[in-house]
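Residue 43 in numbering that gives the first Met the number 0 is what sits at position 44 of the sequence shown, and the numbering runs on without skipping anything.
Just so you know, even glycine gets a beta-carbon here, dropped at the ideal spot from N, CA and C.
A quick note: this is a predicted structure, and the numbers were derived from the prediction, not measured.
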Amino acid sequence: MSALTKASGALKSVDYEVFGRVQVGFLSGVYADADCPLVIFSNQYTEEEARKLGVVGWVKNTSQGTVTGQVQGPEDKVNAMKSWLTKVGSPSSRIDRTNFSNEKEISKLDFSGFSTRY
């Protein structure tokens, strides 16, 4: 990540929270029926996309039925992840909205990879 970081310039950090609903099925170990607003992302898809884009941070399912986390990396890569969190998500998700907060430039990464928190 360090060579990529140096080549890409400024580092950025942003917190996020994604709101929506899941379809019927089994995601992240939680069974959800069609009317239950539980987990909207399978964290596996979020981790895979983050690794593909080359960003670091974390993702966590909340008890309110949202997904929250933090993304760090080169500005262009963070912006690409923000777009994915807003428009794409996991195959079974329906994204109603994504809130971003604490967006700032950072001097170094706080994480070495992307992981799921419990």
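Nearest-angstrom Cα separation, counted from F113 out to T45: Their Cα atoms are separated by approximately 9 Å.
Are there three or more Cβ pairs, one per stretch, closer than 8 Å when the stretch 99-106 is compared with the stretch 46-62? Counting C-beta pairs closer than 8 Å gives fewer than three between the stretch 99-106 and the stretch 46-62, which falls short of the contact rule.
Pick from K51, S12, R96 and I105: whose alpha carbon is nearest that of V66? Checked all of K51, S12, R96 and I105; the closest Cα to V66 is R96.
Kindly give me the distance between the Cβ atoms of Q149 and D109, rounded to whole angstroms, as I take these residues to be in contact under 8 Å. In the structure as shown, the chain begins at 0 and stops at 117. Residue 149 is therefore absent and cannot be evaluated.
9 Å Cβ cutoff met for G19 and S106: Judged by beta-carbon spacing, S106 lies beyond the 9 Å limit of G19, meaning their Cβ atoms are not closer than that value.
What residue does the alpha helix (DSSP H) around D75 start on, and which one ends it? Note, D75: alpha helix (DSSP H), E74 to K86.
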